[in-house]
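A.B. asks:
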Amino acid sequence: MTGTGVVPTPAAPAPTREIASSIGQAVHGTSGLLAAGYLAGVPEISIVVPTLDRPRHLAATLAGLEAACVGLDAEVLVVADASEPDPSRVAAEVSRRNLDARCIAAPRRGASAARNIGWRSAHSPLILFLDDDLVASAELVAAHLAAHRREPVETIGVLGHVRWAPRLKVTPLMRWVEHGIQFDYPGIKGSTAGWGRFYTTNVSVKRSVLEQVDGFDEERFPFMYEDLDLGYRLHQKLGFVLLYERRAVGDHLQAMDLDFWRRRVRKIAVAERAFCRVHPEIEPFFHRLFSDAHARPPARGRGRHLIGLVAPSVPVLGEYVWSSAHLYFAQALAPDFLEAWAAEGGQGADRLKGGDDSAQREQRFA
23 MTGTGVVPTP AAPAPTREIA SSIGQAVHGT SGLLAAGYLA GVPEISIVVP TLDRPRHLAA
83 TLAGLEAACV GLDAEVLVVA DASEPDPSRV AAEVSRRNLD ARCIAAPRRG ASAARNIGWR
143 SAHSPLILFL DDDLVASAEL VAAHLAAHRR EPVETIGVLG HVRWAPRLKV TPLMRWVEHG
203 IQFDYPGIKG STAGWGRFYT TNVSVKRSVL EQVDGFDEER FPFMYEDLDL GYRLHQKLGF
263 VLLYERRAVG DHLQAMDLDF WRRRVRKIAV AERAFCRVHP EIEPFFHRLF SDAHARPPAR
323 GRGRHLIGLV APSVPVLGEY VWSSAHLYFA QALAPDFLEA WAAEGGQGAD RLKGGDDSAQ
383 REQRFA
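Numbering (the working numbering), first residue to last: 23 to 388.
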């Protein structure tokens, strides 16, 4: 991509990185830096935004960051995927913004590679990952910073909230995927989100923990499940804890329909099989969910039209509405998921164990 407007950027210059990482760890530790304030010349937070062929969404994302970074010492690193068809357009969009921002070219395809070069090129000991279709509220960046100041221990990360953008017409399908399919914010009880909700759409961590596990796994998880894999490795190896900060809210711009999700679940099937090969102790959540739905009689799904009006917690009616909607949408997606799953290694691998969806969800979000 060299010569097209996005220049491959190496890791941050040694003096700055020594200030942000080596000196910070050896003398103060990440905890000390966050609790007492940062050293001169080091941004408070580095915001990494990978992007691929979404110019309108990226423009809205950067406009949101302009407002969210006012009065803060923040740098923004926009990383163009190696497959980006128009990297010069990305560079131009970044350069016209009133931000301390850089445009970087990822050396290989995939969100993992983009995020890795992003955080490795960053100058701050605190890294915030955002997607290129998320518009930050005015409080998002400040809320992440405040949360880390309250919890400066390096093994504590912060999950921000994601909601649908006000301009979108939110369909019953879009409401359904909020509950453990795309995200699972309703499942968060208390302040701890659990490693299974390490959503790089809006999450922040100390750079030091990324260094200790060598970041995202570009080889095995180039795209999809890369964030879940990282969250799990952080939890297993370092005792990482992910806290939920509701005030760090962003608006999701991507509208979705059944065709979108039919394509998506095929990719999820491939990624989940890979994840379970790498981590065989973790049950395949989506495989069990779609297998169960596929085995049941066809659902009429009459309750799906009410899920935007009736909460799951409403006695009797809530359970009926959401059960009806869940079975209807799960059955609509199951054939695509199961076909892709089978193509990746045969149906019903011997290592897959029994158990209900609720138990597996608790394991995944523990």
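Each residue gets a CB set at the ideal place from its N, CA and C atoms; glycine is no exception.
Identify which residue in S105, R131, D236, R288 has its Cα closest to the Cα of P357.
C.D. replies: The candidate whose alpha carbon is nearest that of P357 is R288.
A.B. asks: Give me the Cα-Cα distance between T222 and S117, rounded to the nearest whole angstrom.
C.D. replies: About 24 Å.
A.B. asks: Measuring straight from C-alpha to C-alpha, what distance separates R131 and F238?
C.D. replies: Answer to the nearest angstrom: the Cα atoms are 13 Å apart.
A.B. asks: Are V112 and V100 close, meaning C-beta to C-beta below 8 Å?
C.D. replies: Against a cut-off of 8 Å, the Cβ pair of V100 and V112 comes out as a contact.
A.B. asks: Out of curiosity, what's the CA-to-CA distance linking L328 and R119?
C.D. replies: When rounded, the distance between both Cα atoms is 42 Å.
A.B. asks: Would you check if the segment 302-311 and the segment 207-214 touch, i.e. whether three or more CB-CB distances between them fall below 8 Å?
C.D. replies: No, they do not touch.
A.B. asks: Pull up the distance between the alpha-carbon of G325 and that of P334, whole angstroms please.
C.D. replies: Using only the alpha carbons, I get a separation of about 11 Å.
A.B. asks: Could you tell me if V338 is buried or exposed, where buried requires 16 or more neighbouring beta carbons within 10 angstroms of its beta carbon?
C.D. replies: Under this definition V338 is an exposed residue.
A.B. asks: I need the straight-line Cα distance from V311 to W344, nearest angstrom please.
C.D. replies: Per the sequence presented here, residue 311 reads as Leu, with Val not at that position. Straight-line Cα distance between these residues: approximately 15 Å.
A.B. asks: On the DSSP bridge assignment, give the partners of V227 in chain order.
C.D. replies: DSSP lists I149 as partners of V227.
A.B. asks: Answer with buried or exposed for G63, where buried requires no fewer than 16 other C-beta atoms within 10 angstroms of its C-beta.
C.D. replies: So G63 counts as exposed.
A.B. asks: Output needed for L232: all residues of its chain with C-beta closer than 6 Å, excluding positions within five of it in sequence on either side, in chain order.
C.D. replies: Hits under 6 Å: W141.
A.B. asks: What do you reckon, are the CB atoms on L121 and L87 nearer than 8 Å?
C.D. replies: Contact flag set, yes.
A.B. asks: Does DSSP put E273 in a helix, a strand or coil?
C.D. replies: Going by the sequence as given, residue 273 is Asp instead of Glu. Residue state, collapsed to three classes: strand.
A.B. asks: Using the C-alpha atoms, what's the distance from A135 back to V192?
C.D. replies: So the two alpha carbons sit approximately 32 Å from each other.
A.B. asks: Within 10 Å of its beta-carbon, does S105 have 16 or more other beta-carbons around it, so buried, or fewer, so exposed?
C.D. replies: Under this definition S105 is an exposed residue.
A.B. asks: Which whole-angstrom value is the C-beta distance of S68 and E97, which I expect to be below 8 Å?
C.D. replies: With 8 Å as the limit, S68 and E97 qualify as a contact, their Cβ atoms being about 5 Å apart.
A.B. asks: Output the boundary residues of the alpha helix (DSSP H) element that contains R197.
C.D. replies: Its alpha helix (DSSP H) spans residues 194-199.
A.B. asks: According to the neighbour-count rule (16 or more other Cβ atoms, all chains shown, within 10 Å of its Cβ), is R255 buried or exposed?
C.D. replies: So R255 ends up on the buried side.
A.B. asks: Give the DSSP-derived three-state secondary structure of H50 in the structure shown.
C.D. replies: Because the pLDDT at H50 is just 35, under 50, the model does not fix this residue reliably, and the point stays unresolved.
A.B. asks: Can you name the start and end residues of the alpha helix (DSSP H) that S134 belongs to?
C.D. replies: Start and end: 133-143.
A.B. asks: Could you name the residues of the same chain whose beta carbon sits closer than 7 Å to that of A164, not counting the 5 residues immediately before and after it, in chain order?
C.D. replies: Closer than 7 Å at Cβ, skipping near neighbours: L94.
A.B. asks: Sorted by chain position, which residues of the same chain lie with C-beta nearer than 8 Å to V225's C-beta, five sequence neighbours on each side aside?
C.D. replies: Cβ neighbours of V225 beyond the five flanking positions: L150, F151, G179, V180, L181, G182, D249, L264.
A.B. asks: So what does DSSP say about E248, is it helix, strand or coil?
C.D. replies: In this structure, E248 counts as helix in the three-state DSSP scheme.
A.B. asks: Give every residue of the same chain whose Cβ lies closer than 8 Å to the Cβ of D251, excluding the five residues on either side of it in the sequence, and list them in chain order.
C.D. replies: Correct list, in chain order: F238, D239, R242, F243, F297, V300, H301.
A.B. asks: Nearest-angstrom Cα distance between I45 and D153?
C.D. replies: Bear in mind that the predicted position of I45 carries a pLDDT of just 25, short of 50, making it unreliable; the figure below should be weighed with that in mind. Taking the straight line from one Cα to the other gives about 30 Å.
A.B. asks: Going by other Cβ atoms of all chains shown within 10 Å of its Cβ, with 16 needed for buried, is G261 buried or exposed?
C.D. replies: Classification of G261: exposed, given that the 10 Å Cβ count is below 16.
A.B. asks: Specify the secondary structure class of Y221 as computed by DSSP and reduced to three states.
C.D. replies: Y221 falls in the coil class under three-state DSSP.
A.B. asks: I need the DSSP call for I126, collapsed to helix, strand or coil.
C.D. replies: Three-state result, I126: strand.
A.B. asks: If you count every other CB in all the chains shown that lies within 10 Å of the CB of L148, and 16 or more means buried, which is it?
C.D. replies: Result: buried.
A.B. asks: For a test of the three-state rule: what should DSSP assign to P72, helix, strand or coil?
C.D. replies: Residue state, collapsed to three classes: strand.
A.B. asks: Please go through the same chain and pick out, in chain order, the residues whose beta-carbon is closer than 6 Å to the beta-carbon of R229, but skip the five residues on each side of it.
C.D. replies: Only P147, I149 meet the Cβ criterion.
A.B. asks: Along the chain, which unbroken stretches of the alpha helix (DSSP H) at least 4 residues long are found entirely within the segment 259-322?
C.D. replies: If we require 4 residues or more, the alpha helix (DSSP H) runs fully inside the segment 259-322 come out as 280-300, 307-317.
A.B. asks: Starting from the Cα of R284, find the closest Cα among R219, V199, R268, R137 and give me that residue.
C.D. replies: Nearest of R219, V199, R268, R137 to R284, Cα basis: V199.
A.B. asks: Taking buried to mean at least 16 other C-beta atoms within 10 Å of its own C-beta, is F282 buried or exposed?
C.D. replies: Counting Cβ neighbours within 10 Å, F282 comes out exposed, since fewer than 16 surround it.
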